[in-house]
Amino acid sequence: MKTLVLVFHPNLSNSRLNRHWAEEMDKQAGVTVHRVYEAYPNEEIDITAEQKLLEQHSRIVLQFPFYWYSTPSLLKKWEDAVLTYGWAYGSTGSKLHGKELLLAVSVGAPESSYTPEGAFSYTLVELLRPFQATSNMIGTRYLAPYAAYGVMQLSDEQIEQTTKDYLAYVLNPEAALLSAR
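Throughout, this note's numbering is defined as the position within the sequence shown, counted from one, plus 1076.
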């Protein structure tokens, strides 16, 4: 299985966790790591190059920090530019059909904040639901997201452990589909 990890972090060099995830993923066979903010510092996305990258891989990982209940802005801009009608969706848009889509999310708050009783009232899966709807539209198989919570407080040892967990999860060919409900 060829895996494409699209890293959307606006300041990757200052990120302990996302930077480490990307560095360790770079070492894995069959994995392409694409640091999108570094590739497009002016946010001028090469749509053809991005679409070719997606076509060459069977598992697509969107790796990003989760803040303000959303994604870094370049990820949304990338979706709008790259996932075009007639290519990704529509009557002739089938280039991503059958591929897998997996989100790898780093979250600053503890997991307990992402519950109906928690500080934010919603689970992370609920807040990421637009990605699942997008996956449905573009014909990909939406895998259960991987999340690391409380990342600002993680020790170096915890960073190492979550990185091992991240690699094991993303590279697992048997990763679970997330049900539509």
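For every residue, glycine included, the Cβ atom is placed at its ideal position computed from N, Cα and C.
Since this is a predicted model, take the numbers as computed values, not measurements.
- Under the DSSP assignment, Ile1136 falls in the beta strand (DSSP E) whose first and last residues are Arg1135 to Phe1142.
- The Cβ atoms of Pro1086 and Tyr1113 sit closer than 8 Å to each other.
- Comparing alpha carbon positions, the residue from Gln1208, Pro1221 and Trp1154 closest to Glu1120 is Trp1154.
- Proximity of the stretch 1097-1106 to the stretch 1193-1200 falls short of the contact definition, fewer than three beta-carbon pairs being nearer than 8 Å.
- By the Cβ-count criterion, Met1101 is buried, with 16 or more other Cβ atoms from all chains shown falling within 10 Å of its own Cβ.
- Contact between Arg1217 and Leu1177 holds: CB atoms are separated by about 7 Å, below the 8 Å threshold.
- In this model, Ala1185 and Val1227 are separated by some 7 Å (Cα to Cα).
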